[in-house]
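Number of protein chains: 2
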Amino acid sequence: MSELDKKRELIVESAIKRFSHFGIQKTTMNEIADDISVTQPALYYYFPDKMTLVIAVVERIMNQYFEELHKCMDGLQSLEEEFYCILTLRKKFMERYFMLKLTDATQEVGQIHDSCQPIMKNAHIKEAAFVTGLLEKAVNNGSISKIDPQKMSELYIDILTGLSMFVFITKNKKLFPGNEEFEAILKKQEEFTQVFISGLKMSK
Amino acid sequence: MSELDKKRELIVESAIKRFSHFGIQKTTMNEIADDISVTQPALYYYFPDKMTLVIAVVERIMNQYFEELHKCMDGLQSLEEEFYCILTLRKKFMERYFMLKLTDATQEVGQIHDSCQPIMKNAHIKEAAFVTGLLEKAVNNGSISKIDPQKMSELYIDILTGLSMFVFITKNKKLFPGNEEFEAILKKQEEFTQVFISGLKMSK
DNA sequence: ATCTGACCTTTTTTATAATTTGGTCAAAAA
DNA sequence: TTTTTGACCAAATTATAAAAAAGGTCAGAT
């Protein structure tokens, strides 16, 4: 890794810390510069603008997610185990990066979050493809019936996301959610997963 | 119905029209008064404050929902038919009263929507109880397995609501959603319902 | 019992000034 | 050449104050 890339990494690391604590909008380029003891214009030598830095941060987070996703699948046999593993990993990342408002972006100023949309869309496609793979394996296993893996994976993920939003919006009056909310989401997602898998086992 | 109640009805009708077109916040008591050709203080003879009027409006809408819900169940046999009927009715009401932000209330000023919360919570309980009834019937029918009707009805409704939020938040960049969004929601909800019912048919 | 005009208080809007922020650039430092 | 800086700018954000509009009250008219 080149010296330039090392510094880039340092900046991204610092940005992640502030972004995930204060949010993207509440973090200034000056603060990030201070964190790594350089002046603000120095940042612009590594990243042409804030948007590019944000994108680098989000990409890094999503890559980490998929890395851990593949890792935690190790040794799992059943679709049940695999799905429950996904749920806990999603919870972990949602808790950690909630302030980035990666999924909702409601009431946040547009520009920057709009620029993340392509990455998030790509991540969604990637995650859907991953789940599709799990479903195909299960179909070939004979552990579930011959459904449309593509369609079902998309539906599954959308419902997981929808349930998160549901809890945040209806149950959360506070500024940011605590452990109870994340637990509530997980519980609902688990309940759903159980029925969903049963549904997949049934022939259409 | 007394003369007083008639006038109250007139006011509520007028309020519903404006609320569902411009939203609650953007509708003034003066405008409602003008609509029925009285001065603004006259309204306060029938409703002590705006909040009370809003509550009356929301209650009226929810009552209408449950009335139509019971009506459209007539002659239906299977759980599939019943669930699909619920979906289309929910779509109808969501389209009609979207501007009231009954379910989300994000970015809306708190006070008034907070006052609707008890009604909406009650409506949720009522709807859940209704679905519970359908599930119990289906269990007794033998058309689905012996699941926990209470728990499953709650889960079902929460996922329906979650899917609505999902589409609105992720797919809708525009200020208010059009027919495509409502159709997208319905489609996802139908797909989900199909798998869900299959899941209910499986024994745990 | 129902409604009105006049009035009050609190919010919300609007207009404007002050500040901060993202971003640039020539020149210095490494 | 590569990296960093101080000085600077324009656009966006925030702070402040004035104006308008909103919700709500009340004595008295109908």
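In order, the protein sequence lines correspond to chains Y and L. Just so you know, we're using full-length UniProt numbering here: the first sequence kicks off at 1 and counts up by one. Just so you know, we're using full-length UniProt numbering here: the second sequence kicks off at 1 and counts up by one. In this text, a Cβ means the ideal position worked out from N, Cα and C, and glycines have one as well. From a predicted model like this one, the values you see are computed outputs, not experimental measurements.
Rounded C-alpha distance that separates residue i from residue j
i, j, result
"lysine 39/L", "asparagine 30/L", "Contrary to the premise, residue 39/L reads as threonine rather than lysine in this sequence. Approximately 7 Å, taken between the alpha carbons."
"glutamine 150/Y", "leucine 186/L", "19 Å"
"threonine 193/Y", "glutamate 80/Y", "8 Å"
"proline 41/L", "methionine 51/L", "15 Å"
"threonine 27/Y", "threonine 170/Y", "28 Å"
"alanine 128/L", "isoleucine 157/L", "7 Å"
"glutamate 68/Y", "glutamate 95/Y", "15 Å"
"tyrosine 84/L", "phenylalanine 196/L", "12 Å"
"alanine 123/L", "lysine 6/L", "25 Å"
"cysteine 116/Y", "serine 143/Y", "37 Å"
"glutamate 3/L", "glutamate 9/L", "10 Å"
"glutamine 64/Y", "valine 57/Y", "11 Å"
"glutamine 111/L", "glycine 23/L", "15 Å"
"threonine 103/L", "threonine 103/Y", "19 Å"
"residue 218/L", "valine 167/Y", "Here chain L covers residues 1 to 204 and nothing more, so residue 218/L does not appear."
"phenylalanine 19/L", "arginine 60/L", "13 Å"
"phenylalanine 130/Y", "histidine 21/L", "43 Å"
9 Å Cβ cutoff, residue i in contact with chain L
i, result
"leucine 163/Y", "yes"
"glutamate 3/Y", "no"
"valine 195/Y", "yes"
"leucine 155/Y", "yes"
"aspartate 35/Y", "no"
"glutamate 174/Y", "The sequence shown places lysine at residue 174/Y, rather than the glutamate named in the question. For lysine 174/Y, the answer is no, since every Cβ of chain L falls outside 9 Å of its Cβ."
"threonine 103/Y", "yes"
C-beta neighbour in chain Y for residue i, strict 9 Å
i, result
"glycine 75/L", "no"
"serine 198/L", "yes"
"leucine 87/L", "no"
"phenylalanine 98/L", "no"
"phenylalanine 22/L", "no"
"lysine 146/L", "no"
"aspartate 49/L", "no"
"methionine 202/L", "yes"
"residue 215/L", "The structure shown does not extend to residue 215/L, since chain L is modelled only from 1 through 204, so no value can be given for it."
Supposed close pair residue i, residue j - CB separation, criterion 8 Å
i, j, result
"leucine 200/L", "methionine 152/L", "7 Å"
"serine 87/L", "glutamate 190/L", "Before going on, a small fix: residue 87/L reads as leucine here, not serine. Correct: roughly 6 Å between the Cβ atoms."
"leucine 155/Y", "lysine 188/L", "7 Å"
"isoleucine 119/L", "isoleucine 55/L", "6 Å"
Under 9 Å between C-beta atoms of residue i and residue j
i, j, result
"phenylalanine 93/Y", "phenylalanine 176/Y", "no"
"phenylalanine 47/Y", "isoleucine 11/Y", "yes"
"isoleucine 125/Y", "leucine 163/L", "no"
"histidine 113/Y", "lysine 101/Y", "yes"
"methionine 165/Y", "methionine 165/L", "yes"
"serine 78/L", "methionine 202/Y", "no"
Three CB pairs or more closer than 8 Å across the stretch 70–89 of chain L and the stretch 128–138 of chain L: When C-beta atoms of the stretch 70–89 of chain L are compared with those of the stretch 128–138 of chain L, three or more pairs fall below 8 Å, so the two segments count as touching.
At least 3 beta-carbon pairs within less than 8 Å: the stretch 181–192 of chain Y vs the stretch 8–16 of chain L: As far as the Cβ criterion goes, the stretch 181–192 of chain Y does not touch the stretch 8–16 of chain L, which means the pair count is below three.
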